[in-house]
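Read left to right, the sequence shown gives residues -15 to -1, 1 to 118 (mature numbering (1 follows the signal peptide of the UniProt record, and there is no 0)). Every residue, glycine too, gets a C-beta built ideally from N, C-alpha and C. Working notes, structure below.
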Amino acid sequence: MVILFALFVVQFSIACVCLSVSETQEKEIGRRGWEDSNDNIRLEAQHFFGCCGFDNITKSTEFCLKSKIQCCESKENCNCPNCGPKIMKAIDSALNISGGIGLFFSFTEFIGVWLTVRYRNQKDPRADPSAFI
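Below is the structure:
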């Protein structure tokens, strides 16, 4: 029961943190992830989202041409959107879904703790009342 309650506290805390991350913090997480990732990861993200560069500062036409994204066929005709807004939307939805699921299961665990405390020491009505244990 103590372990279940400790698990509830940890899971509830993490769910609350997931739901309370602000938009600026999400943007910082996305930017750091983009800057720290290697070219293969960036290339995969650009292909998946159909975009180029995280924002206007990190957008490189040469890298977009090299990655052969559909929206950037030639140097003159390279008008891909930035990946930042698409990645931010994915991060936001992932955090909201994780937080919601975490809250659901943490409250389920709390109900389990409450039921355990409530019904743990009840006597069995079929038991012999004259028996000691």
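Query                                                                                                                                      : Result
Is the distance from the Cβ of residue 32 to the Cβ of residue 52 below 9 Å?                                                               : yes
Between the Cα of residue 34 and the Cα atoms of 66, 22 and 15, which residue gives the shortest distance?                                 : 66
Quick one, are the C-beta atoms of residue 77 and residue 8 less than 9 Å apart?                                                           : yes
Would the beta-carbon of residue 1 fall within 9 Å of that of residue 88?                                                                  : yes
Once you ignore the five residues that flank residue 73 on each side, which residues in its own chain have a CB closer than 8 Å to its CB? : 8, 11, 12 and 15
So, with DSSP's three-state summary, where would you put residue 68?                                                                       : coil
Is residue 57 helix, strand or coil by DSSP?                                                                                               : strand
Return the CA-CA distance between residue -8 and residue 4, expressed in angstroms with no decimal places.                                 : 16 Å
The alpha helix (DSSP H) that contains residue 24, what's its start and end?                                                               : 24 to 34
Could you compute how far the alpha carbon of residue 71 sits from the alpha carbon of residue 93?                                         : 33 Å
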